[in-house]
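Q:
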Amino acid sequence: MSITYPGGFRASGVTAGLKASGKPDVALVANDGPLHSAAAVFTSNRVAAAPVHWSRQVVSDGRVDAVVLNSGGANACTGHEGFQNTHRTAEAVADLLAISATDVLVCSTGLIGEQLPMDRLLPGVEAAAGGLSTAGGASAAEAIRTTDTVSKEARYPASADSPSEGYSMGGMAKGAGMLAPGLATMLVVLTTDAVLRPEQLDTALRAATRVSFDRTDADGCMSTNDTVVLLASGASGVTPDEAHFTEALTGVCLDLAAQLIADAEGASHTIAITTVRAASEHDAETVGRAVARSNLFKTAIFGNDPNWGRVLSAVGTTDAVFEPEELNVSMNGIQICRNGGIGDSRDLVDLRGRDVTVEIDLQAGSAAATIWTNDLTHDYVHENSAYSS
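Numbered per the numbering used here, the sequence shown spans residues 858 to 1246.
(1) Am I right that Val1007 and Asp1120 are in contact with their C-beta atoms under 8 Å? What's the rounded C-beta distance?
(2) Under a three-way DSSP split, which group does Arg945 fall into?
(3) Could you tell me whether the segment 1105-1116 touches the segment 1210-1226, where touching means 3 or more Cβ pairs closer than 8 Å?
(4) CA-CA distance, Asp1005 and Thr1073?
(5) Confirm, please, whether the CB-CB distance from Gly864 to Ala1015 is below 8 Å.
(6) Output yes or no for whether 8 Å exceeds the beta carbon distance between Tyr1013 and Asp1050.
(7) Across the segment 920-929 and the segment 953-969, are there enough close Cβ pairs to call them in contact, namely three or more that are closer than 8 Å?
(8) Starting from Lys1031, follow the alpha helix (DSSP H) in both directions and report where the run begins and ends.
(9) Give the secondary structure of Gly912 by DSSP, where H, G and I count as helix, E and B as strand, and everything else as coil.
(10) To the nearest angstrom, how far is the alpha carbon of Ala958 from that of Ser878?
(11) Is Asn1152 closer than 8 Å to Leu1208 when the C-beta atoms are compared?
(12) Near Arg1146, what residues of its chain come up, given a Cβ to Cβ distance below 7 Å and the 5 sequence neighbours on each side ignored?
(13) Run the CB neighbour count on Arg1167, radius 10 Å, all protein chains shown included, and call it buried at 16 or more, exposed below.
(14) So does Asp1176 have its beta carbon nearer than 7 Å to some heavy atom of the ligand COA?
(15) Is Leu885 buried or exposed, if buried means 16 or more other CB atoms sit within 10 Å of its CB?
(16) Who are the near neighbours of Thr1132 in its chain, counting only those whose CB is closer than 7 Å to its CB and skipping five residues on each side?
(17) Taking the C-alpha atoms as reference points, what is the distance between Val1178 and Met1188?
(18) Buried or exposed for Arg867, going by 16 or more other Cβ atoms inside 10 Å?
(19) Ignore the nearest five residues each way along the sequence and tell me which others in Thr1081's own chain have a CB closer than 8 Å to its CB.
(20) Give the DSSP-derived three-state secondary structure of Thr1204 in the structure shown.
(21) In whole angstroms, what separates the C-alpha of Asp1236 from that of Asp918?
(22) Consult DSSP for Cys934 and reduce its assignment to one of helix, strand or coil.
(23) Quick one: is Ala1089 buried, meaning 16 or more other Cβ sit within 10 Å of its Cβ, or exposed?
(24) Just mark Val1213 as buried or exposed, buried being the case when its beta carbon has 16 or more other beta carbons within 10 Å.
(25) Output the boundary residues of the beta strand (DSSP E) element that contains Ser1187.
(26) Taking the straight line between their C-alpha atoms, what separation do you get for Glu1182 and Asn1196?
(27) Thr1048 lies in the beta strand (DSSP E); which residues open and close that run?
(28) Quick check on this structure: which residue in Arg945, Val1052, Thr1060 has the alpha carbon closest to the alpha carbon of Leu978?
(29) Which first and last residues belong to the alpha helix (DSSP H) in which Asn1152 is found?
(30) Between Leu875 and Ala949, what straight-line distance do the alpha-carbon atoms span, to the nearest angstrom?
(31) Over what stretch of residues does the alpha helix (DSSP H) that includes Ala984 continue unbroken?
(32) If you follow the alpha helix (DSSP H) that Glu1104 is in, where does it begin and where does it stop?
(33) What three-state label does DSSP hand Phe866 in the structure shown?
(34) Determine which residues share a DSSP beta bridge with Ser990 and list them.
(35) In whole angstroms, what is the alpha-carbon distance linking Glu1099 and Ala1105?
(36) Would you please verify whether the beta carbon of Ala1225 is less than 8 Å from any beta carbon of chain B?
Structure (structure tokens):
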């Protein structure tokens, strides 16, 4: 139970027949209030899907009563008909829940360039509305999966025994590829029963996504549908300290981001690239992202090869402040590059485990940032070469 862990929320997940596999493919999350505050961030891809265009309008007034999500079709690059289908979906939810369509967010994920089968989707929406439950979080998380091998959920506090400040938070996410977002990553719904205004939610959400989902970079490819939405029901009656709430929200987002990378399509290694002693946080992030997007680096890790030369060559393509003869690189704690040259023997580095750490020391300042990525494998190529077939 994640998104329904906080008070004031119900959810469901059903099978509408959008997926050939016959697995669940429609999810619904309802905020029963008494508060209906919301904030959201979306893909910065200029080729945005119809649900993104719709949902940007919906959340602009800071109120959201429900979120409907479907897998099995992205509804991207589908023109006027695609936007009308998004509108129809929102209206169907509104009619079933006796709310306004302009307070219904719509999210879709799946193959780009095909119209959604509305004759299956709309009955699925009706079934989802009928199945709403305070115990429905897990079924909703299951229904938004595409190439994900597992559903992804998180919550605050982490357990009933964990300390809290009188409010709670939950989250679900989907994503296993096209994880290189701007302000979001794939589809994420976050819920809280705290009492917060939309502008407070927006500030907290942007701060949390900046250091979590924005730094999750599986393959350098940005989706047309990325959406992260945060809903507040106010059911706890507690108005939290904003700094504490942002910290708790960031923890939930980091948890979900880690799950996304751990389930990256075909990956055999999960890689944390931390750049330290950078002149600015921007420089640290830029350097880490350049390495994370290097296919040469990613294939080396797949082959358990600690090839630090590929790290340095990627760092050298950036505009970050550094001197080449002062670069240090460590893998799994072994400094294999020292002051831009040969360090400890690369034979000391064992990359056979799932988790890999790379530290890049620029010796140019005091800022740091971590980018999370994965290796490039035969399985990734196979899965994505046959995605539409």
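Built from N, CA and C at the ideal position, the CB exists for glycine as well.
A: Here's the rundown:
(1) Going by Cβ atoms, the distance from Val1007 to Asp1120 rounds to 6 Å, so yes, they are a contact pair.
(2) The answer is helix: DSSP assigns Arg945 an H, G or I state.
(3) Contact fails between the segment 1105-1116 and the segment 1210-1226, because fewer than three Cβ pairs, one in each stretch, are under 8 Å apart.
(4) Their backbone Cα atoms lie some 15 Å apart in a straight line.
(5) By the CB criterion at 8 Å, Ala1015 and Gly864 fall outside the cutoff.
(6) When the beta-carbon positions are compared, Tyr1013 and Asp1050 stay at least 8 Å from each other.
(7) Between the segment 920-929 and the segment 953-969, the count of Cβ pairs shorter than 8 Å is three or higher; the stretches touch.
(8) Here Lys1031 belongs to no alpha helix (DSSP H); instead the beta strand (DSSP E) covers 1026-1031.
(9) Correcting the residue type first, residue 912 is Ser in the shown sequence and not Gly. In the three-state reduction of the DSSP assignment, Ser912 falls in the helix class, which pools H, G and I.
(10) In a straight line, the C-alpha of Ala958 is about 30 Å away from that of Ser878.
(11) Their beta carbons are not under 8 Å apart, which means Leu1208 does not touch Asn1152 by this criterion.
(12) Annotation for Arg1146: Asp1074, Ile1228 place their beta carbon closer than 7 Å to its own, counting only its chain and skipping 5 residues before and after.
(13) Classification of Arg1167: buried, given that the 10 Å Cβ count is 16 or more.
(14) In the structure on display, the ligand COA does not appear, and there are no ligands present to speak of.
(15) Of the residues assessed, Leu885 falls on the buried side of the cut-off, its CB having 16 or more other CB atoms within 10 angstroms.
(16) Ala1141, Val1144, Gly1145, Ile1217, Leu1219, Ala1225, Ala1226.
(17) When only Cα atoms are considered, Val1178 and Met1188 end up about 22 Å apart.
(18) Buried is the call here.
(19) The residues are Thr900, Asn902, Val904, Ala905, Ala906, Val909, Ala931, Ala933, Cys934, Ile969.
(20) This sequence places Asp at residue 1204; Thr is not what is there. Three-state DSSP puts Asp1204 in a helix.
(21) Looking at the two C-alpha atoms, the distance is approximately 43 Å.
(22) Correct three-state label for Cys934: coil.
(23) Counting every other CB atom within 10 Å of its CB across the protein chains shown gives Ala1089 a total of 16 or more, marking it as buried.
(24) It is buried - the Cβ of Val1213 has at least 16 other Cβ atoms within 10 Å.
(25) Taken as a continuous stretch (DSSP letters only), the beta strand (DSSP E) holding Ser1187 covers 1185-1188.
(26) Their backbone Cα atoms lie some 5 Å apart in a straight line.
(27) 1044-1049 is the span of the beta strand (DSSP E), which, as asked, contains Thr1048.
(28) For the residues Arg945, Val1052, Thr1060, the minimum Cα distance to Leu978 belongs to Arg945.
(29) It spans 1152-1159 - the alpha helix (DSSP H) in which Asn1152 sits, taken as one unbroken run.
(30) Between Leu875 and Ala949, the C-alpha separation is close to 17 Å.
(31) Ala984 -> alpha helix (DSSP H) spans 975-987.
(32) Here the alpha helix (DSSP H) through Glu1104 covers 1099-1119.
(33) For Phe866, the three-state secondary structure derived from DSSP is strand.
(34) Under DSSP, Ser990 shares a beta bridge with Ala868.
(35) Straight-line Cα distance between these residues: approximately 10 Å.
(36) Here there is only one protein chain, and chain B is not present.
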